[in-house]
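Q:
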Amino acid sequence: MFRSVLTLRTTPEKAERILELYRRELILQESLDLTRQLSSDIALAADGSGEIIVSAEWPDEQGYQEWLDHPQRSRTAPELQKLLEGAEIGVGRLFRVDHRVERAS
1030 MFRSVLTLRT TPEKAERILE LYRRELILQE SLDLTRQLSS DIALAADGSG
1080 EIIVSAEWPD EQGYQEWLDH PQRSRTAPEL QKLLEGAEIG VGRLFRVDHR
1130 VERAS
């Protein structure tokens, strides 16, 4: 299994607008529906800094590449790029998950 991580550092005000865009346009759901993605989330730093991380789990590297190459991925790019003006955008990275534990529900 692999996990992709993208970090966005912006102002708290712009961060809220970015989260709203992700909710309104169902970006996480879309990436799940259009690829073999296993799960994803977007999170805002609790310290009020405006830092956002977007992470997703993939069965393999090719699953992640499916999303990077998917034509629908660029659908919200113009609005997102405008919101990210002046932001520090980290390089999207892919990590191989070594092991994990989780609490049974």
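Heads up, the final residue of the sequence shown is numbered 1134 in my numbering, and it's a clean run with no missing numbers. Every residue gets a Cβ at the ideal spot worked out from N, C-alpha and C, and that includes glycine.
At 4 residues or longer, and completely inside the stretch 1101 to 1129: list those alpha helix (DSSP H) runs for me, N to C.
A: Whole alpha helix (DSSP H) segments, 4+ residues: 1106 to 1112.
Q: Taking E1090 and T1064 to be in contact with their CB atoms under 8 Å, please state how far apart those CB atoms are, rounded to whole angstroms.
A: By 1-based counting over the sequence shown, the position of residue 1090 is 61. By 1-based counting over the sequence shown, the position of residue 1064 is 35. In fact, because the Cβ distance is near 12 Å, the residues do not count as touching under 8 Å.
Q: With DSSP run on the structure shown, which of helix, strand or coil describes E1049?
A: Start at 1 with the first residue of the sequence shown, and residue 1049 comes out as number 20. Residue state, collapsed to three classes: helix.
Q: With 16 other CB atoms within 10 Å as the buried threshold, where does S1069 fall?
A: Locating residue 1069 in the sequence shown gives position 40, counting from the first residue. Classification of S1069: buried, given that the 10 Å Cβ count is 16 or more.
Q: Pick out whichever of L1050, E1059, T1036, V1034 has its Cα sitting closest to the Cα of H1099.
A: The count along the sequence shown starts at 1 and reaches residue 1099 at position 70. Among L1050, E1059, T1036, V1034, the Cα nearest to that of H1099 belongs to E1059.
Q: Would DSSP call A1044 helix, strand or coil?
A: Position 15 of the sequence shown, counting from 1, holds the residue named residue 1044. A1044: helix per DSSP, three-state reduction.
Q: In three-state terms, what does DSSP make of D1089?
A: As a position in the sequence shown, residue 1089 is number 60, starting the count at 1. Residue state, collapsed to three classes: coil.
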